[in-house]
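Engineer: In numbering that gives the first Met the number 0, the protein residues as written are 0 to 108.
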Amino acid sequence: MPPEKVEVFKSLEGWASEWVLPLLKPVEQLWQPQDFLPDPTQPFDAFSEQVRELRDRTAELPDEYFVVLVGDMITEDALLTYQTMINTLDGVRDETGASASPWAKWTRS
Numbered sequence: 000m001p002p003e004k005v006e007v008f009k010s011l012e013g014w015a016s017e018w019v020l021p022l023l024k025p026v027e028q029l030w031q032p033q034d035f036l037p038d039p040t041q042p043f044d045a046f047s048e049q050v051r052e053l054r055d056r057t058a059e060l061p062d063e064y065f066v067v068l069v070g071d072m073i074t075e076d077a078l079l080t081y082q083t084m085i086n087t088l089d090g091v092r093d094e095t096g097a098s099a100s101p102w103a104k105w106t107r108s
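1. Using three-state DSSP, classify T80 as helix, strand or coil.
2. Between the alpha carbons of L23 and W105, how many angstroms are there, rounded?
3. For the alpha helix (DSSP H) that E59 lies in, which residues bound it at each end?
4. Beta-carbon within less than 8 Å of Q41's beta-carbon, same chain only, minus the 5 sequence neighbours each way: which residues are those?
5. Alpha carbon to alpha carbon, what distance is there between S108 and L29?
6. Tell me where the alpha helix (DSSP H) around V5 begins and ends.
7. Is there contact between the region 64-73 and the region 81-94, where contact requires at least three CB pairs shorter than 8 Å?
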């Protein structure tokens, strides 16, 4: 990256610390899809019943919802790729995986 672009990112670190990092939630507050799905470690009958109930509740969802869900899943799967790509840029690179730079914290979140 040209030095003048690196300088822009460096100059925005204070802004990122003040305006971007406060938007990040602590890991303990993040939800995961399995939080809303039947627990497969339950006995088979209980799990099967919960899956049936879930299917019944979602039977009338329009196809557009599933298109959005698939798009979201693809994006989620690619997040590590995005992080790796961002991490190659001068000015925001996190060489150690533990940099205190606001850009590094943001890409790791």
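Beta carbons: idealized from backbone N, C-alpha and C, even for Gly.
Structural biologist: In this structure, then:
1. helix
2. 8 Å
3. Premise fails: E59 is in no alpha helix (DSSP H) and is neither H nor E.
4. Q49
5. 11 Å
6. P2 to S10
7. no
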